[in-house]
Every structure is written in structure tokens, then in C-alpha cells.
Amino acid sequence: MLANTRDVLKHAQHHQYAVAAFNVYNLETVQAAVKVAEKEQQPVIIALGERYFPTVDVEGFSAMVKGIATKASVPICLHLDHAYEKKSIIRAIRSGFTSVMYDGSKYELEQNIQHTAEIVDIAHMAGVSVEAEIGSLARGSFSDEEEGSGTLTDPLLAKEFVAETGVDFLAAAIGTVHGMYQGEPNIDLGLLEKIRQEVEVPLVLHGGSGTPDEIITKAVQAGICKINVNTEVSMEAVSFLQRYFKENEMVHLSTVMADMQMAMEPVMTKFVQLFANR
Ligand code: 13P
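Right, here's the structure in full:
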């Protein structure tokens, strides 16, 4: 069933697990995520980034995800990931997304608070929940995200930000990167504990790909309720396609797409099981 992201994350917070938010770009990524969620009997968040708006029919895509979600036996959320423009957020709300992320990290704190609070007002009137980020992630290899400053979250600023904006969940920058790590990850779990002490809303971790399992487990135990995953799933699909075209000269596209979906499912399963903290 289609579910409100805030309700799903409140449940995760209460029961100390994290929900996977998979970035999707096509039917196959959506179907793979929902299939894995049903098999594992875990909720999942389908996340479409604003950066894909120029190539994806947002209203059509939303209708498709909602159709698939309605038939699912577990909660499925539809989330707008990293949106920088108010008009993208309104478009997502109008087409039935269950949550939106406003990324105002390029602004000074005061301005970020002002913009975010305005988005929260609009989204809440439509029953849509809002994620925001304090600090910002650096970009590693193979990522499709914007380069961020790598500034870590200040716990006291995070507290002020949540109190003044009314966001429903907060992305904490603790040293994970978007994409694969270049060198050893340097993730500050102590900082996460401090943020947790100051902030009551569910916390989100961006940059799930390549993050060591033991760090993920500790982060979930320290209060992370949603973990975003993009790059590792994309890499799995692309390397599958490279192998496929080496081994098969001319095949039908429908077969390639169905097989690519199957190739993505094990990597999504790995994340869903790890985040479930069972
Ligand atoms: P990865 O690409 O590192 O998995 O991060 C995804 C993400 O955080 C999207 O918001």
C-alpha cells in the first residue's frame, strides 16, 4: 500500500531499524525495489531526484508508482529526493508524492530556515512530509549527485533548524559521501550520537553505497531511520549490461530489461536486510 513517509519512519524510529530509500529512474528500478520489499516484508521508499525531472514524465511516473504501490502488501512511499526548486516540490506534491526533500544547503542558515519553513507549510497542507539537510555530503566515485561541501552537521544548529522549520525528518551529514568512497570512509558516529541527543525527528543517512556494513549497523542503532542508496544499484545494473552485451550479440530489449531488473534485486536485498537490523 502507498504510505505516508512520516508514519513509516516513525515506526522505524520506534522499532530501531532503517527503511531503504532507493533512487529510481525507470520501471525496472521501481519493480525491483517493490519486489524486494515484499519478499523481505519491509517497507521501502521509492525516491526520484529532481535531477531526473528533465527526462522523466513526473506525473506519469508518479501514477505508475502509486499503481504498483497500491497492490503491494507492505508500505511503499514515493519521495522526491534532493529538490532545490520550489516548483519541483509543488509539482511532486500535486502528483501525489508522499514526501519531499528540500535541499537548501547552498544557502546560509537563516535563509535555509526561511525557505524550508515555507516548503513545510505548503507540504503539510497537502499531508506530505518534508526532509531537509543540515550540512552537505561530498561526492565520491560514480555518483550522479551534485558535489557538496562535505560540511558535517552541527548538532546545535540541527536542533535550531528542526525547531524553526518543523521538518519531519532530518538528513545528518556525518562523513558519508554520495557514491563510492575514495580511500577509507571517515564516518563520525560520535557526532551522530550528539545529533540524536538534540533532535527528536527521525534521522536520515545519505550516501548508503559503499558504506561498510558495521558502520551502517551502528548508525541504525544510533537512530538512523532512512538510508538512501543510489550508486551501488546503478553500478550493478551497468556492469550487468556490459557483461550481457559482451556475451549476447542481438537480443530483444524486453529480455535485457527483465534480466537487468533481476540483476538489481540481490543488491537491493542486501541493503534492505542490513537496514532491517534483524
Ligand atoms: P549513494 O549514491 O552513495 O548510494 O547515495 C544516494 C543518496 O544519498 C541519494 O540522496
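Just so you know, we're using our numbering here: the sequence shown kicks off at -14 and counts up by one. Note that CB positions come from ideal geometry on N, CA and C, so glycine has one too. Computed from a predicted structure; not experimentally measured.
Asked	Found
Let me make sure I understand the geometry here. Which of E145, P170 and S224 has the alpha-carbon closest to that of T101?	E145
DSSP state of K231, grouped into three classes?	helix
Mark L238 as exposed unless 16 or more other C-beta atoms lie within 10 angstroms of its C-beta, in which case mark it buried.	exposed
Determine the closest residue to F127 out of A5, G192, M245 and I212, with distance taken between C-alpha atoms.	G192
Looking at the structure shown, is F154 part of a helix, part of a strand, or coil, going by DSSP?	strand
Tell me which residues share the same chain as L(-6) and place their Cβ nearer than 7 Å to its Cβ, disregarding the 5 neighbours each side in the sequence.	V4, F154, P187, C210 and K211
Using a 10 Å radius around the Cβ and a threshold of 16 neighbouring Cβ atoms, would you call F116 buried or exposed?	Residue 116 is actually Glu in this sequence, not Phe. Buried.
What residue does the alpha helix (DSSP H) around E44 start on, and which one ends it?	V43 to K56
With respect to 8 Å, is the separation between the Cβ of S128 and the closest non-hydrogen atom of the ligand 13P below this value?	yes
Evaluate the contact criterion for the region 28 to 41 versus the region 65 to 78: three or more CB pairs, one atom per stretch, below 8 Å.	yes
Just verifying my parser: in three-state terms, what is the DSSP assignment at M(-14)?	coil
Report yes if the C-beta of H67 is less than 8 Å from at least one heavy atom of the ligand 13P; otherwise report no.	yes
Compute the minimum distance between the beta carbon of V241 and the heavy atoms of the ligand 13P, and state whether it is under 8 Å.	no
In the DSSP assignment, what residue or residues form a beta bridge with M165?	S126
Should A243 go down as buried or exposed, given a rule of 16 or more other Cβ atoms within 10 Å for buried?	exposed
Check for me: the beta strand (DSSP E) holding G34 runs from which residue to which?	V29 to G34
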